[in-house]
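Enquirer: Numbering (the numbering used here), first residue to last: 19 to 520. Glycine residues also receive a C-beta, built at the ideal position from the N, C-alpha and C atoms. These figures come from a predicted structure and were not determined experimentally.
Following this line, the structure appears as structure tokens:
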């Protein structure tokens, strides 16, 4: 069931217990039905993103306050860029950074004004830090899914599992993309997984189930006012970027007929409210994405890389490596299987999107998802997790560079967070204690361990920099015995709205 409302008719809506904070001072509802690095932000082997480090085997008696800095002037605020590491917990962030640098406390995360934690629970659920840290298995209960989490982030409304842009009564609720469009701003969605998957969809559509992929894709392409839409799901290619003899599915791009119309640049609704249909310009090759990062841009851009699902995570595996639970450092190594060179990176896609969106002097909203962090975590793939986390971190760095080179921290609010944690990632030999992810040096897989193949109710990292970033610290009214004060995922919506409606 699809709930489609024209935007002009929609009503406007108002880890570990062993952690100490040596590096930084932070770090089920509605019946819960289931349904290239050239910048100064690029990493070297002596750098690493900053977040809580794991160094002891007992919880600190008191948790420190989230790091806060002076608020940036907000008189010119007009852009919001939200980056979501799907499934990214504190230990995912730590593991990726240790692999890259062997150290902690480095750009780009070090430079954010706000560094704290965020809860992700469903409507009707809760997060109880005392309970979570009293037993190793407790965090496995009450976890959200990506659809409900995306709805909370995009709409400020908690809902049931699988619901997209609807409340628990399955009624549509305005999302932040619609808010931006009503202010005359441009909007964009970029993801490393199929474009009609839960997280990107949750920022655009109103649908009772995330599994209605074809319906969702059609609403995103035909009925929304989004100006840039990029993601996987190419019907003609497999997961290694090879052309299929026979297409297997058109569901992620709205069906076979719509796909052929897109090939002919013959489809697209009215994106700017002038009563004239705005047809999509479709790009597929890596060269096209790379060229759009700096070249002339179309009015409306649909980017579908030549890959079936994820940019890299689903490519072939090497040999018979163990990808089950409790993967050790001996089983797999990141990049053992060479990356596919014919598909763009998340950095390249994001740079192309920014080059289109910044044509609008009134500003824009852009959501960028590193979606395959979650996919690797569901499969407990330690090597692919590192690859996906590194790609996401590079994208955060590229966005920060764009702000400093083409905008400013007075104009643009950048938020980085996760929709939920996935895989219950810890250090070796955990359970019943929470042991730290261990540092084996730059370029080597850290010591880590998986304890789940699904989502957990863990707090996740939250970073903010730019206009109104301080509002998130003000909203951190709850306190966790390990992470300290934390905000909720519904708190991002009003903060983003305050920038976009200025």
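#1: With residue 522 as the anchor, note down where its beta strand (DSSP E) starts and where it stops.
#2: What would DSSP say about residue 329, mapped onto helix, strand or coil?
#3: Which whole-angstrom value describes the C-beta separation of residue 272 and residue 232, a residue pair presumed to lie in contact below a C-beta threshold of 8 Å?
#4: Look up residue 515 in the DSSP assignment and say whether it is helix, strand or coil.
#5: For my contact list, residue 417 and residue 432 are in at a C-beta cut-off of 8 Å; report their separation, rounded to the angstrom.
#6: Could you have a look at residue 521 and say whether DSSP puts it in helix, strand or coil?
#7: Whose CA, out of 328, 296, 310, 480, lies closest to the CA of residue 318?
#8: Among 105, 110, 139, 96, which residue has its Cα nearest to the Cα of residue 509?
#9: Between the alpha carbons of residue 311 and residue 383, how many angstroms are there, rounded?
#10: Which word fits residue 6, buried or exposed, when buried means at least 16 other C-beta atoms lie within 10 angstroms of its C-beta?
#11: Am I right that residue 106 and residue 374 are in contact with their C-beta atoms under 8 Å? What's the rounded C-beta distance?
#12: Among all the DSSP beta bridges, which residues are the ones paired with residue 504?
#13: Is DSSP giving residue 463 helix, strand or coil here?
#14: I need the DSSP call for residue 174, collapsed to helix, strand or coil.
#15: By how many angstroms is the C-alpha of residue 135 removed from the C-alpha of residue 502?
#16: Once DSSP output is grouped into helix, strand and coil, what is the label at residue 17?
#17: If you run the structure through DSSP and keep just helix, strand and coil, what is residue 424?
#18: DSSP state of residue 528, grouped into three classes?
#19: With a 10 Å radius around its C-beta and 16 neighbouring C-beta atoms as the bar for buried, classify residue 515 as buried or exposed.
#20: With a 10 Å radius around its C-beta and 16 neighbouring C-beta atoms as the bar for buried, classify residue 305 as buried or exposed.
#21: Rounded to whole angstroms, what's the CA-CA distance from residue 281 to residue 211? Just pull it up for me.
#22: What does DSSP give as the partner residue(s) for residue 99 in the beta ladder?
#23: Am I right that residue 217 and residue 389 are in contact with their C-beta atoms under 8 Å? What's the rounded C-beta distance?
#24: Below 7 Å between beta carbons: does that hold for residue 182 and residue 223?
#25: Do you know how far the Cα of residue 323 is from the Cα of residue 495?
#26: Suppose contacts are defined by Cβ-Cβ distances below 7 Å. Is residue 205 in contact with residue 163 by that definition?
#27: Measuring alpha carbon to alpha carbon, tell me which residue in 265, 160, 157, 225 is nearest residue 184.
#28: So does the stretch 394-404 actually touch the stretch 449-457, counting three or more Cβ pairs closer than 8 Å?
#29: Any chance the stretch 455-462 sits against the stretch 97-105, with 3 or more Cβ pairs inside 8 Å?
#30: Excluding the five sequence neighbours on either side, which residues of its own chain have a C-beta within less than 6 Å of the C-beta of residue 372, listed in chain order?
#31: Let me check understanding here. Comparing Cα to Cα, which of 380, 321, 377 lies closest to residue 363?
#32: Could you pull the start and end residues of the alpha helix (DSSP H) that residue 10 belongs to?
#33: Could you compute how far the alpha carbon of residue 47 sits from the alpha carbon of residue 186?
#34: I need the straight-line Cα distance from residue 386 to residue 328, nearest angstrom please.
#35: Under DSSP, the alpha helix (DSSP H) around residue 208 begins and ends at which residues?
#36: On the DSSP bridge list, what partners appear for residue 300?
Expert: In short, the structure shows the following:
#1: The requested residue 522 does not occur in the structure, where the chain is confined to residues 19 to 520.
#2: coil
#3: 6 Å
#4: helix
#5: 6 Å
#6: Residue 521 cannot be examined here, being either before or after the span of the chain that is shown, 19 to 520.
#7: 296
#8: 139
#9: 17 Å
#10: Any question about residue 6 goes unanswered here, given that the chain covers just 19 to 520.
#11: 26 Å between Cβ atoms; not a contact.
#12: DSSP output for residue 504 lists 135, 496 as bridge partner(s).
#13: Looking at residue 463 - three-state DSSP - the assignment turns out to be coil, as it is neither helix nor strand.
#14: coil
#15: 8 Å
#16: Since the first residue shown for the chain is 19 and the last is 520, residue 17 is missing from the structure and cannot be characterised.
#17: helix
#18: Outside the modelled stretch of the chain, which goes from 19 to 520, sits residue 528, for which no answer is possible.
#19: buried
#20: exposed
#21: 20 Å
#22: The partner list for residue 99 (beta bridge, DSSP) reads 384, 432.
#23: Between the beta-carbon of residue 217 and that of residue 389 there is about 6 Å, and that keeps the pair under the 8 Å contact cut.
#24: Yes, the Cβ-Cβ distance between residue 182 and residue 223 is below 7 Å.
#25: Put simply, the backbone Cα of residue 495 is about 42 Å away from that of residue 323.
#26: no
#27: 225
#28: no
#29: no
#30: 420
#31: Ranking the options by Cα distance to residue 363, first place goes to 321.
#32: For residue 10 there is no data in the structure shown, the boundaries of the chain being 19 and 520.
#33: At residue 47, the pLDDT of 43 sits below 50, so the modelled position is not reliable and the matter cannot be decided from this model.
#34: 14 Å
#35: Per DSSP, residue 208 belongs to no alpha helix (DSSP H); it is in the beta strand (DSSP E), 204-212.
#36: Looking at the DSSP output, residue 300 sits in a beta bridge with 320.
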